[in-house]
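Residues in the sequence shown are numbered from 16 upward in steps of one, following this note's numbering.
All residues carry an ideal CB built from backbone N, CA and C; glycine is no exception.
Keep in mind the model is a prediction, meaning the values are calculated, not measured.
Below is one structure, written out as C-alpha cells; comments come after it.
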Amino acid sequence: APRRASIRTELAEGWRFLRNETVLFATTVQAVIAEYGLGALMALSPLLVASLALGGTAAPAAYGFFETAMGAGLVGGGIVLGGLAARLPKGPAIIAGFTAFGVALAALALTHSLPVLLLLAAGAGLANVAFVVPSQTLFQQRTPGEMLGRVVAIRLALVSGVLSVSMATSGALAQAFGVRPVMLACGLLTGVVGLAGLAVRPIRRA
Numbered sequence: 016a017p018r019r020a021s022i023r024t025e026l027a028e029g030w031r032f033l034r035n036e037t038v039l040f041a042t043t044v045q046a047v048i049a050e051y052g053l054g055a056l057m058a059l060s061p062l063l064v065a066s067l068a069l070g071g072t073a074a075p076a077a078y079g080f081f082e083t084a085m086g087a088g089l090v091g092g093g094i095v096l097g098g099l100a101a102r103l104p105k106g107p108a109i110i111a112g113f114t115a116f117g118v119a120l121a122a123l124a125l126t127h128s129l130p131v132l133l134l135l136a137a138g139a140g141l142a143n144v145a146f147v148v149p150s151q152t153l154f155q156q157r158t159p160g161e162m163l164g165r166v167v168a169i170r171l172a173l174v175s176g177v178l179s180v181s182m183a184t185s186g187a188l189a190q191a192f193g194v195r196p197v198m199l200a201c202g203l204l205t206g207v208v209g210l211a212g213l214a215v216r217p218i219r220r221a
C-alpha cells in the first residue's frame with residue numbers, strides 16, 4: 016500500500032509539472048488528438064483500401080502496399096529527421112508535423128486512386144515522425160532529470176489510451192457515418208489543432 020501511494024504521488028507530481036509547462040502540455044494535447052486520427056487510420060485503412068477501384072490488384076495486396084508505403088515514410092522520416100533533429104527549430108517542426116499529418120489524413124479520405132493513396136500513406140508516416148522526434152527532444156530538454164520518467168509515463172499513458180479508444184470506437188463511427196467522413200473529420204481536426212500551435216507563442220519559439 017505505501018508503495019502504491021508513492022507511485023500515485025509521483026504521478027501526481029508529474030501531472031502537475033506537465034500541466035504547468037505550456038509547451039509540453041500543448042504538444043501533448045496535440046499528440047492526443049493526432050493519436051485519435053492515427054488510431055482511426057489503423058482501424059479503417061483496410062476498409063478504405065477495399066473501397067478503391069483497384070483494377071487488377073487484389074485488396075490484400077493493395078493493403079500490403081499501403082502498409083509498406085506508410086512504413087517507408089516512417090523509416091525514411093526517422094533517418095532524415097533524426098539527423099536534423101539537433102538543428103531544426105522544435106516548435107515549428109511540431110506544428111508542421113501535426114498539420115501535415117492532418118492534411119494527409121484528410122486527403123486519404125478523399126482519394127480514390129491507389130497510387131495517390133500510397134503516396135499519401137508515405138506522407139502520413141513522414142509527418143508522424145516529424146512531430147514525434149522534436150516532441151521527444153523537447154521533453155528531454157525541458158523536463159528536470161528527476162521528473163522525466165514520470166512525465167513521459169503520463170504522456171505515454173494519455174497517448175496510448177487515446178489510440179486504444181480510437182481503434183475501439185472508429186469502427187462504430189464509420190458504421191454510422193461512413194469510413195471516409197470519419198477519416199476526413201479526424202484529418203481536419205488534427206490539421207486545425209496543429210495550426211493552433213501557431214497561436215501559442217512558447218511553441219512557436221521552442
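- Ala-121 and Gly-54 do not touch by the CB rule: their CB atoms are close to 16 angstroms apart, not below 8 angstroms.
- In the DSSP annotation of this structure, Val-215 is not part of any alpha helix (DSSP H), being labelled neither H nor E.
- According to the DSSP assignment, Gly-93 belongs to the alpha helix (DSSP H) that extends over 74-99.
- Spanning the alpha carbons of Glu-82 and Arg-219 requires a straight line of approximately 33 angstroms.
- Around the beta carbon of Phe-32, 16 or more other beta carbons lie within 10 angstroms, which makes this residue buried.
- Annotated as distal: Ser-181 and Tyr-78, with beta-carbon spacing of 8 angstroms or more.
- According to the DSSP assignment, Arg-165 belongs to the alpha helix (DSSP H) that extends over 160-192.
- The stretch 198-215 makes no contact with the stretch 87-95, as fewer than three CB pairs between them are under 8 angstroms.
- If you draw a straight line from the Cα of Ser-21 to the Cα of Val-207, it comes to about 39 angstroms.
- The residue from Leu-69, Ala-74, Arg-23 with its alpha-carbon nearest to that of Pro-61 is Ala-74.
- Straight through space, the alpha carbons of Gln-151 and Trp-30 are spaced by roughly 17 angstroms.
- Note that the C-beta distance between Ser-185 and Val-174 is not below 8 angstroms.
- Beyond the five residues adjoining it in sequence on each side, Pro-104 comes within less than 8 angstroms, by CB distance, of Ala-221 in the same chain, given in chain order.
- Of the residues Leu-63, Gly-112, Leu-69, Gly-160, the one whose Cα lies closest to the Cα of Gly-140 is Gly-112.
- An exposed status is given to Arg-102, since fewer than 16 other beta-carbon atoms sit within 10 Å of its beta-carbon.
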